[in-house]
Structure formats: structure tokens, C-alpha cells
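*Asks:* Can you read through this structure? Questions will come right after.
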Ligand code: SF4
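In our numbering, the protein residues as written are 1 to 447.
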């Protein structure tokens with residue numbers, strides 16, 4: 001458990017010089033206990049105190065890196081129980097298991113399917129992170145060969161799923177440079193697995209029989225000097241995982257209980273594809289940091305990746321696009337001109353429907369700090385003055401042979417204000433972007 005502010009204060013230099021930010025050592029100690037500052041802000045602290053206080057100033061949930069280079073991922077270091085309190089920082093890593101018992105063609109086919117799980121949504125790429133090679137053969141050489149084959153076929157990070165130290169060592173001989181995740185240390189093998197993880201410098205997942213045993217095991221491993229850990233509480237079903245993951249997050253954050261201060265990992269265990277994805281969605285929401293599934297079906301994985309994107313978007317920083325004029329399709333001077341906000345989802349919805357209308361168009365995007373049409377209007381960020389001003393400075397007058405702009409139907413009320421502030425005629429469009437194709441067909445005269 002972490003130290004209190006007073007306990008920390010006793011180890012500080014007591015110069016009260018204020019160089020660390022707060023005016024006194026006591027105030028600094030209090031902030032340190034609440035994880036609001038870091039120890040390195042005090043230049044006068046002794047090495048002994050540093051060692052003692054390192055634990056107190058460490059993040060409540062350790063940050064763990066899996067992989068190297070461009071595909072490297074980080075999990076953990078979360079500070080909130082609920083996303084709306086601030087944000088969640090490191091999104092859940094999603095992976096798929098591939099058995100080393102598959103024949104070569106089936107093995108490569110599955111790795112290829114995992115590689116292809118890449119989608120684009122609201123201008124961002126969604127993809128999966130991990131190929132987990134499962135040592136079902138029980139044979140060290142077969143396992144190592146499968147790992148080599150996977151490394152040749154994918155840029156994704158690897159997880160080596162074996163409880164056999166000999167198999168783990170053989171696979172790491174081939175793959176340690178890519179810093180795979182080793183799964184798992186158990187009560188029976190942990191001393192050997194910790195030695196291997198230390199030697200090859202890879203993160204190690206720890207799986208106990210239940211939450212309590214997992215905490216005991218992680219404590220024993222920490223005493224051996226290794227803390228690059230993830231936790232699998234060995235839960236028997238999704239409900240139990242939900243309870244255990246919630247306990248882990250609460251105890252780590254609220255009680256600073258160090259044995260559970262690590263990111264978590266779960267494997268789905270449901271052979272019915274939709275149920276499997278629902279289990280995975282549960283773990284993404286509550287508080288799984290790495291989730292490994294069985295089947296890489298695109299239609300099931302896309303909603304899971306969208307869910308992850310939504311959960312891990314900072315609620316105070318909506319995803320935005322640049323506020324400017326966009327040309328959708330091969331525009332000419334008779335094209336319609338639409339307006340929307342710079343909320344990514346609004347932009348991509350309108351853009352997609354303009355494309356679907358088969359009539360190219362200009363889309364004027366107004367900066368509303370990433371808020372949607374109605375939210376921006378209610379907050380006074382999408383009003384008639386602003387739209388008129390943006391229109392005047394857009395250069396659209398030189399691009400089209402008319403002065404007509406189509407506004408979203410939800411903000412029809414802005415029509416008069418826009419027309420008062422510029423010499424453009426306002427056409428009230430459909431309330432939803434999906435209405436654009438039929439609306440434009442009826443209301444726009446094509447040359
Ligand atoms: S910099 Fe160090 S000595 Fe100075 S007030 Fe802060 S904690 Fe105390």
C-alpha cells in the first residue's frame with residue numbers, strides 16, 4: 001500500500017524552498033501521496049529517500065510495453081475508475097490466438113486474416129494489436145517454429161502462450177528482440193518463468209487460481225525483483241472476470257494495493273462467435289487491458305474496435321477534422337454547398353452521404369471544437385454569425401456560380417441570421433445526413 005503524505009514528508013529534505021512547485025515539503029509530500037506530482041521535482045532528495053519513496057510515487061497501475069518499433073503498444077497506467085472522471089489513457093490491446101498445432105497453410109491463413117483486420121472510421125485506422133501463438137503442441141521446437149513463422153508473416157506484436165518454461169525459452173530464442181508478451185507464470189512454474197522473462201526482458205502475465213492467489217503470486221514475483229507484469233485473475237467466466245477486473249482496478253487506484261497494480265489480460269472462452277465478441281466487449285469496457293479472442297471474423301471485430309475507439313477517446317477532446325472547405329467528388333461551379341461542424345462523426349457522415357448522392361459537392365466545415373451540430377448550436381458555437389463569417393472567408397464565391405448554402409435541418413432556425421449576415425441564400429436541408437441523397441435529388445437542379 002502507498003505511503004501517506006506525512007510518511008513521505010518525514011523522508012523529504014525539509015528545506016521548504018518551494019523549488020518543487022508547492023511552497024513546502026509537507027505540501028509536496030501530500031501531492032506525492034495523491035500521485036499529483038513526481039519525486040524528481042525535488043532536486044535535494046537523497047538517494048536513500050528516493051529508493052524508499054520510489055514505491056510511493058510510482059503510478060498505481062504500472063505501464064507495461066509490449067512489442068517494439070512502430071507496432072509497440074503500452075497498457076496500464078490508468079488513473080480513473082470511470083472514463084467521465086477524466087479519460088482512459090491506454091486502449092485495450094486486442095489480439096487473436098493461433099495454435100501451433102495447425103498445419104502450415106492453416107496457420108498462415110489465420111495470421112493473414114488477423115493482419116487484414118484493419119478498418120477506417122471517422123478518418124482513423126482501427127486495427128488489432130496481437131497475434132497470440134498458443135503452444136497446444138506441447139513441443140518446444142514446434143512452438144519455436146510457429147513463432148518464427150508468425151514473425152515472418154506479421155508486423156503485429158506477439159504473445160507466447162505457454163506454461164512450459166522449456167517451450168517459452170525456445171520461442172524467446174527466436175522472438176525476444178520483438179519483446180513479446182509471455183503468458184503465463186502460475187503457482188507451479190513462476191520461479192522458472194520469472195528467470196526467463198528477466199533474461200529476455202519481456203513482459204510476463206501472471207495467472208492465479210483466483211484473485212487472491214493472483215495477488216499473492218504477483219507479490220512473490222515482485223520480491224524476486226520482476227515487475228513487468230500483467231494479471232489474469234484466473235476467473236472462470238465473464239461475470240467473474242468483470243468482478244475480478246473491477247476489484248483489481250478499485251484496489252489499485254483507491255487503496256494503492258501494489259500486488260494488483262498491474263494491467264490485466266483475459267482470453268475469451270466462448271465458441272459462439274457473437275457471444276465471444278460480447279464477452280470481449282465486456283472486458284474492453286471494464287477493465288481489461290489485453291483481450292485475446294479466438295476467431296478473427298471482420299463483421300464481429302469491427303463493432304468491438306469501434307467500441308474500443310469510443311471508450312478510449314478523451315471525452316473532453318472529441319475527435320475533430322480541420323475546419324475548411326472540402327471538395328467531395330469531382331466538383332464544378334454548379335455543385336451544391338453544404339455546411340456542418342468539425343465533429344469527426346458529423347463530417348464523415350455528411351461526406352459519405354454526399355458521395356452516396358452521386359452529385360459532387362463542397363462541404364464547409366466550421367470549427368465548433370469538435371462538437372456535433374446540435375451540441376454546438378446549444379453551446380453557441382454554431383450560430384448564424386459564425387457560419388456567415390466562415391462562408392465569407394471561404395473562397396466559395398469564386399468556386400461556384402450560385403450563392404446557396406444547405407444547412408442541417410436541425411438548425412433551420414439559423415437561416416435568417418445567416419442571410420442577414422451575408423448575401424447567400426440558405427436552403428434548409430434534411431435533419432439527418434442520411435436524407436442528403438434524396439433531398440438533393442429533389443431540390444438541386446443539375447446542369
Ligand atoms: S524542492 Fe524539495 S526541499 Fe524544496 S520544498 Fe520541495 S520537497 Fe522540500
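Ideal Cβ positions, reconstructed from N, Cα and C, are used throughout, including at glycine.
Going straight from the alpha carbon of residue 107 to that of residue 98, what length do you get?
*Replies:* Going by the C-alpha atoms only, they are around 7 Å apart.
*Asks:* Compare the beta carbon distance of residue 79 and residue 253 with 8 Å and say whether it is the shorter of the two.
*Replies:* Yes, Cβ-Cβ distance for residue 79 and residue 253 is below 8 Å.
*Asks:* Under 7 Å Cβ to Cβ from residue 449, same chain only, skipping five residues before and after it: list those, please.
*Replies:* Nothing can be reported for residue 449: it is not among the residues displayed for the chain, which extend from 1 to 447.
*Asks:* With a 10 Å radius around its C-beta and 16 neighbouring C-beta atoms as the bar for buried, classify residue 177 as buried or exposed.
*Replies:* Flag for residue 177 reads exposed.
*Asks:* List the endpoints of the continuous alpha helix (DSSP H) containing residue 277.
*Replies:* Note, residue 277: alpha helix (DSSP H), 273-285.
*Asks:* Skipping 5 residues on each side, what residues in its chain have a beta carbon closer than 7 Å to that of residue 452?
*Replies:* It is not possible to answer for residue 452, since the shown part of the chain is limited to 1 through 447.
*Asks:* Once DSSP output is grouped into helix, strand and coil, what is the label at residue 187?
*Replies:* Here residue 187 sits in coil by DSSP.
*Asks:* Quick check on residue 394: buried or exposed, where buried means 16 or more other Cβ atoms within 10 Å of its Cβ?
*Replies:* The residue in question, residue 394, is buried, as its Cβ has 16 or more Cβ neighbours within 10 Å.
*Asks:* Around the C-beta of residue 156, are 16 or more other C-beta atoms found within 10 angstroms, so that it is buried, or is it exposed?
*Replies:* With 16 or more Cβ atoms within 10 Å of its Cβ, residue 156 is classed as buried.
*Asks:* Please return the same chain residues whose Cβ sits closer than 7 Å to the Cβ of residue 328, not counting the five positions on each side in sequence.
*Replies:* For residue 328, where only same-chain residues beyond five positions count, the Cβ hits under 7 Å are 351, 354, 355, 360, 361, 363.
*Asks:* Report, in whole angstroms, the separation of the C-beta atoms of residue 263 and residue 289, which I expect to be a contact under 8 Å.
*Replies:* At roughly 4 Å, the Cβ-Cβ gap stays under 8 Å, so residue 263 and residue 289 are in contact.
*Asks:* Grouping DSSP H, G and I as helix and E and B as strand, with all else coil, what is residue 418?
*Replies:* Three-state result, residue 418: helix.
*Asks:* Can you give me the C-alpha to C-alpha distance between residue 453 and residue 371, rounded to a whole angstrom?
*Replies:* With the chain covering 1 to 447 only, the question about residue 453 has no answer from this structure.
*Asks:* Among 48, 81, 373, 175, which one has its Cα closest to the Cα of residue 255?
*Replies:* Of 48, 81, 373, 175, the residue nearest in Cα terms is 81.
*Asks:* Closest by CA to residue 61, which one among 53, 77, 306, 46?
*Replies:* The residue with the shortest Cα to Cα distance from residue 61 is 77.
*Asks:* Which residues mark the beginning and the end of the beta strand (DSSP E) in which residue 127 is found?
*Replies:* Counting along the chain, the beta strand (DSSP E) containing residue 127 begins and ends at 124-127.
*Asks:* What's the call for residue 388, buried or exposed, on a 16-neighbour Cβ count within 10 Å?
*Replies:* Buried is the call here.
*Asks:* Just verifying my parser: in three-state terms, what is the DSSP assignment at residue 157?
*Replies:* Residue 157 falls in the strand class under three-state DSSP.
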